Each structure stands twice: as C-alpha cells, then as structure tokens.
Amino acid sequence: MGEAFALHELVFSPSGVPVDYRFLDANPAFFDILHLTREGVIGKTALQLWPDLEPLWLSRYAPVAQKGEEAIFEEYSNTLGKWFKVRAFNAGPHRFAVLFQDVSERKRTEECLDEEEARFKAIVNSMEDIVFTMDLEGRYTTFYGRALQKYGIHEADYLGKTIDEVGLSAASAEHRMAVSRALRGERSVHECDFFGLASRHGVAVQTVLTPMYRSGRIVGLVGVGRDITEQRMNEEKLRSLLEEKTVLLQEVQHRVKNNLQIIISLIQLHLIAASDLSCPVFMKTLQSRIYAIASVYDVLSASTVNDRVSLAALLRTLSAFCYTLTDIFPRLSDIQIEAEEDTQLPMQTAIPVALVVHECILDVVQRAPKERRELFLSITSGSPEKGRCRIELAHPFKKTEGPADEVGAMLLQGLVEQIRGSITEVLENQPHWVFDFPIEGAGKPIYPT
C-alpha cells in the first residue's frame, strides 16, 4: 500500500482558536488506508468524521499551518486503531499537507520484539552468571547478568574491545583457542578468565562459548561466564574424602587378607600338631577354600580400583595357588586360562565366583580316573550377553570315579544361587562345567545347612 496524502485547512472558533481541520483533497492511498470514500471525506472536518478523535492530532498540525513548521512523528490513534508515520508541512495560509503511512504491523512487530527483549533481559539479569556476546573479531558487544554488579564489571570498560585490549593478555592464548573452536561451530566449555576475576576476586570461572547463526552463517558468539569457585572447593573436598576412603579400604582389605592368612596358618599348625586327626583331607580342603577367598584380595591389592576385581587376573591367581597345594590337587599339571581382560567383577560377585571355580577344579581332580597321572584343564570366560559372564572349565575325561564331595556340592549350590547364576556339568563331547552368572547379580549369602 502506497503513501497517503491529504490536504487540510484549519477551522477556527469565533475567537480565532484552531478547533478542527477540514479535508480539501486526498489521494487514493488515503482512502484505502482509512477505508473511506472521497464523497464521504472531502469537505468534511476531522471531528465530523471522528467525533472522538484525539486532540493531539490538531495540536500537532496547527503549528505547521500557522507557523510553517514541519512535523515528522509516529503516533497511535485509539479512534482509528492504527499507528501512523506522519510528515506534515505547510501548504499555504492556515493550510497544511500530510504524508502518512500505516505502520501498525511494523509497530506490532517492534512491540513483540521489545517484549521478547525485555523478557530476555529479565531472565539473564536474574542469573548469577555473566552473559555476553562477541563479534567475529572477538570484541565484546553486550553484557548481562547480576554478576556484573557483584564483581564490579563496567560494560564501558569492555564494549568494543578484545580481551587483549582490556588488559587480560594472560588469558589470551586460551581465549583465542576457545574463540577459534566456537567460530568453527563448536560449543566450547573451558576454564578461561575472560574478565580478570581470578586476579581481582580469587574466583574460578568456567566459560561456555556458543556460535550465533543468522541465515546459516556464524555472525558472532554468545558466552556465559560462571563462578565455579564453590564447585571447585566441593570437588576438592570430595577428592580428599575419596582419597581417605581409598586408604581406609586398602587398610581393611590388607587386614582381611592378613586374617585369612592367619586362619590358613592356624589350620596348618593344627594339622601338624594333630597327626592322628581323623579328617586331615577335610582340613586341607577347608584351607584351600580359604586360599580361594584370599586370592580375591591378592588381585584386589594389585588393582587400581578399590571395589572391583579383574576376572582374568583372578583365574590366573586361582590356578597358580592350586599348583602349590599338591595334597588337595594331586596330578594337576596345567590349567590353561583364556579370559577377557576387561571383565571386572564387584567384590560381592568375585568371592562367590572364586569359590565356585575352586570347587569345580576340586571336583574334577578328586573324581578323575586313577589311571590319569597328569591332569590338564582349561578355563575360558566370556560375555554371552551384556551384563553376564560365562566360565567354562573343560577336562579331558567323560567318566568320573567316586562320589562328589557332599560339602562341596552344597557349597557350590549355595554360591551359585547367591549370585543368581546357573551351573551345569556337561559330559557329552568335550566334558566341561558351564557356569553362567550376572556380573552385578550378587545377593545375600546362602549357606549350606
């Protein structure tokens, strides 16, 4: 829609005061904008057309007609419900002409933008952070946030300047790297003192830089600077507590291991002193089971993690001590281990697993055919599915001799149930034990009765 034009003359009271103005002529755009007709307008006054028209319009136009002043303004008419951009100029004695446009749509857009900007400022100014923007050359362009007042940051000291120009060259190298990443389209999170707060206030600052886009192109950066001093202090306290916990756990583990060794030694002394003991094999077997538990702590003491045990290391340690107990594991010549190195067991799972593997080896050795002078076993472990583990112990004979150890069988059943697993002895083809269990599945201990 084009620019409207109208020619007017003032209407005076008997005392010579302007009280209205008459329409003398107008172009088609005038009638289109106001939804009027030429016949209904020309020759009539403004108050005849709109009795409730605001007095401000006459007050704007009268000086133009009487004094020859030019007036350029934007004004809203409640009567017409529109915003107008107006240019009024003198057109002869007591006359004035007006060029105007309906800018209501633009004004509504501006009002929406103003509301959004006010809402945005209210939000960011309620934050304890520093919110800022930078142009493509790294110059600060805007600042927001309550932290400005808290730390005495004056916008005038930063606006239009780079970090070097505001005297923060000590942070410039890290700053340039962060800006470079953000200008490549990356979100950069780092500890970079963009405002010199560390030197002036002794605070740690984390800054997040994010690219700003317009029509798909980066046109600047928006940054958020946050005081993380309290967070750093809490992290340091937590780190100190974790270190104390680590030392305490290591001490507890060391004492448990020592106590197990004392129990093993006491059993050994008892066996030596009581040569007529009716069940030395039972005592040796008990000693062996305690060794199996101790092997978990042996592996744990060498681990960098305080509450998890490498399954591969545990199987190797178990195999090594089995070779040394020739009274319990006679004829055992070799155990080949093939295990996934990255499988880690929590302590509540590792101890039952160690005892289950021990009982399987013990069962195979005790029930092996007598003609077998040497026994060669193999143990493999893997993960059939996420969160589960399977251990297979293979032996080279399909038939076994003698009854199974009753205590061992009860212990085996209780341990497998404790960690919600399953165990099966397969005698077809390649004989082997199959032990399947959830890595995190340990429950409450189930003891044989």
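When we follow the working numbering, the leftmost residue of the sequence shown carries the number 579, and every step to the right adds one.
All C-beta atoms, glycine included, are put in the ideal place defined by N, C-alpha and C.
Being a predicted model, the structure only gives us computed values, none of them experimental.
Extent of the continuous beta strand (DSSP E) run through residue i
i: residue 899; result: Run containing residue 899: none in the beta strand (DSSP E); it sits in the alpha helix (DSSP H), 889–902.
i: residue 1014; result: 1010–1016
i: residue 586; result: 582–590
i: residue 795; result: 795–805
i: residue 703; result: From DSSP, residue 703 is part of no beta strand (DSSP E) but of the alpha helix (DSSP H) over 682–703.
i: residue 787; result: 783–792
i: residue 916; result: 910–916
i: residue 649; result: 649–655
i: residue 1000; result: 1000–1004
i: residue 637; result: Per DSSP, residue 637 belongs to no beta strand (DSSP E); it is in the alpha helix (DSSP H), 634–645.
i: residue 953; result: 953–960
i: residue 987; result: Not the beta strand (DSSP E): residue 987 falls in the alpha helix (DSSP H), residues 984–996.
i: residue 968; result: 966–972
i: residue 729; result: Counting along the chain, residue 729 falls outside any beta strand (DSSP E), and DSSP gives it neither H nor E.
i: residue 906; result: Run containing residue 906: none; DSSP gives neither H nor E here.
i: residue 975; result: Looking at the DSSP string, residue 975 is not in any beta strand (DSSP E), and its letter there is neither H nor E.
i: residue 720; result: 718–722
i: residue 711; result: 708–712
Buried or exposed by the 16-neighbour rule on C-beta atoms within 10 Å, applied to residue i
i: residue 794; result: exposed
i: residue 811; result: exposed
i: residue 714; result: exposed
i: residue 701; result: exposed
i: residue 723; result: buried
i: residue 876; result: buried
i: residue 895; result: buried
i: residue 883; result: exposed
i: residue 901; result: exposed
i: residue 690; result: exposed
i: residue 865; result: buried
i: residue 873; result: buried
i: residue 860; result: exposed
i: residue 650; result: exposed
i: residue 937; result: buried
i: residue 593; result: exposed
i: residue 880; result: exposed
i: residue 1004; result: exposed
i: residue 704; result: exposed
i: residue 998; result: exposed
Spatial distance of residue i from residue j (CA atoms)
i: residue 755; j: residue 657; result: 59 angstroms
i: residue 725; j: residue 784; result: 13 angstroms
i: residue 611; j: residue 680; result: 7 angstroms
i: residue 932; j: residue 818; result: 33 angstroms
i: residue 796; j: residue 659; result: 40 angstroms
i: residue 707; j: residue 820; result: 30 angstroms
i: residue 583; j: residue 615; result: 14 angstroms
i: residue 653; j: residue 665; result: 11 angstroms
i: residue 802; j: residue 709; result: 5 angstroms
i: residue 1006; j: residue 816; result: 55 angstroms
i: residue 1025; j: residue 996; result: Note that residue 1025 scores 48 on pLDDT, short of 50, meaning its location in the model is unreliable and no value can be drawn from it.
i: residue 638; j: residue 719; result: 39 angstroms
i: residue 806; j: residue 782; result: 5 angstroms
i: residue 1012; j: residue 822; result: 41 angstroms
i: residue 905; j: residue 867; result: 13 angstroms
i: residue 608; j: residue 618; result: 12 angstroms
i: residue 943; j: residue 963; result: 31 angstroms
i: residue 787; j: residue 888; result: 41 angstroms
i: residue 645; j: residue 586; result: 15 angstroms
i: residue 907; j: residue 965; result: 33 angstroms
i: residue 662; j: residue 698; result: 28 angstroms
i: residue 970; j: residue 893; result: 12 angstroms
i: residue 1018; j: residue 948; result: 39 angstroms
For residue j and residue i, believed in contact at Cβ under 8 angstroms, the rounded distance
i: residue 1086; j: residue 972; result: Here the chain comprises residues numbered 579 to 1027, so residue 1086 is not present and cannot be evaluated.
i: residue 760; j: residue 789; result: 5 angstroms
i: residue 953; j: residue 911; result: 6 angstroms
i: residue 922; j: residue 886; result: 4 angstroms
i: residue 929; j: residue 871; result: 6 angstroms
i: residue 798; j: residue 711; result: 6 angstroms
i: residue 678; j: residue 667; result: Actually they are not in contact, since the Cβ atoms of residue 678 and residue 667 sit about 12 angstroms apart, beyond 8 angstroms.
i: residue 878; j: residue 934; result: With 8 angstroms as the limit, residue 878 and residue 934 do not qualify as a contact, their Cβ atoms being about 18 angstroms apart.
i: residue 624; j: residue 588; result: That belief does not hold up - the Cβ atoms of residue 624 and residue 588 are roughly 11 angstroms apart, past 8 angstroms.
i: residue 975; j: residue 946; result: 6 angstroms
Boundaries (first-last residue) of the alpha helix (DSSP H) holding residue i
i: residue 610; result: 606–612
i: residue 924; result: Looking at the DSSP string, residue 924 is not in any alpha helix (DSSP H); the run it does join, the beta strand (DSSP E), is 922–924.
i: residue 627; result: 624–627
i: residue 669; result: Taken as a continuous stretch (DSSP letters only), residue 669 belongs to no alpha helix (DSSP H), as it is neither H nor E.
i: residue 619; result: 616–619
Closer than 8 angstroms: residue i CB and nearest the ligand MG heavy atom
i: residue 953; result: No copy of the ligand MG appears in this structure; indeed no ligand is present at all.
Beta carbon proximity, residue i to chain B, threshold 9 angstroms
i: residue 638; result: Included in the structure is just one protein chain, with no chain B present.
Original post:
Of all the alpha helix (DSSP H) runs that stay within the bounds of the region 731–768, which reach a length of 4 or more residues?
Top reply: 750–761
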